[in-house]
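The opening position of the sequence shown corresponds to residue 1 in the working numbering, with each subsequent residue numbered one higher. We treat Cβ as the ideally placed atom computed from N, Cα and C, and that holds for glycine.
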Amino acid sequence: MTAFDFSPLFRTAIGFDRLTDALEAARRLDTEGWPPYDIELTGEDQYRISLAVPGYRPEDLEIEVKDNRLRVAGRRREEQEGRKYLYKGIGEQAFERVFQLADYVKVTGAEVKDGLLHIELVREVPESMKPRRIEIRTATGKEGKLIEGEADRVDTEEAEAEQKSEAAA
Numbered sequence: 001m002t003a004f005d006f007s008p009l010f011r012t013a014i015g016f017d018r019l020t021d022a023l024e025a026a027r028r029l030d031t032e033g034w035p036p037y038d039i040e041l042t043g044e045d046q047y048r049i050s051l052a053v054p055g056y057r058p059e060d061l062e063i064e065v066k067d068n069r070l071r072v073a074g075r076r077r078e079e080q081e082g083r084k085y086l087y088k089g090i091g092e093q094a095f096e097r098v099f100q101l102a103d104y105v106k107v108t109g110a111e112v113k114d115g116l117l118h119i120e121l122v123r124e125v126p127e128s129m130k131p132r133r134i135e136i137r138t139a140t141g142k143e144g145k146l147i148e149g150e151a152d153r154v155d156t157e158e159a160e161a162e163q164k165s166e167a168a169a
């Protein structure tokens, strides 16, 4: 078996390999994971989404709700001219996060504090959609008793008397 050495053919690409790798890495950069966020339960049917947005001012952020989708976007304004960085590690990329909201969840407010964007949510289920208790009637048409809670003991005399009266009827 003959082995061919192709390395001389790749010499013209020296320097471009790294450029190609850097471009490919930038393309694969996952900005969907940024900014990080938390979702917390703050009360019964009350929630808060907190996004880490260091350096973003309220005017740099946009919150929109449409079709049960909460969209949060950020775009930092251009920095003042004349600033020269020796190292720039604080991210300034534009971002967009979309959260799918459950039915009847409404955004009630938002604020930026200490580099975090807090979005307050509340779930308001209409009365017609809330669960309700249905009374069960007996076959004789008499209303049955609603039974709630737990019984500690059974009063057998009262139960026997009730059975006798039902049997007589």
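Could you tell me which of 82, 86, 113 and 45 sits nearest to residue 61, measuring between CA atoms? 113
For residue 28, which residues in the same chain have their Cβ closer than 7 Å to its Cβ, ignoring the five residues on either side in sequence? With a pLDDT of 47 at residue 28, under the threshold of 50, the predicted position of this residue should be treated as unreliable, and no value is reported.
For the pair the segment 108-127 and the segment 48-60, tell me if three or more CB-CB distances fall below 8 Å. yes
By a C-beta neighbour count over all protein chains shown, 10 Å radius and 16 as the cutoff for buried, is residue 85 buried or exposed? exposed
So, for residue 69: in the same chain, excluding its five sequence neighbours on each side, which residues have a beta-carbon less than 8 Å away from its beta-carbon? 98, 99, 100 and 101
Identify whether residue 33 lies in helix, strand or coil by the three-state DSSP scheme. helix
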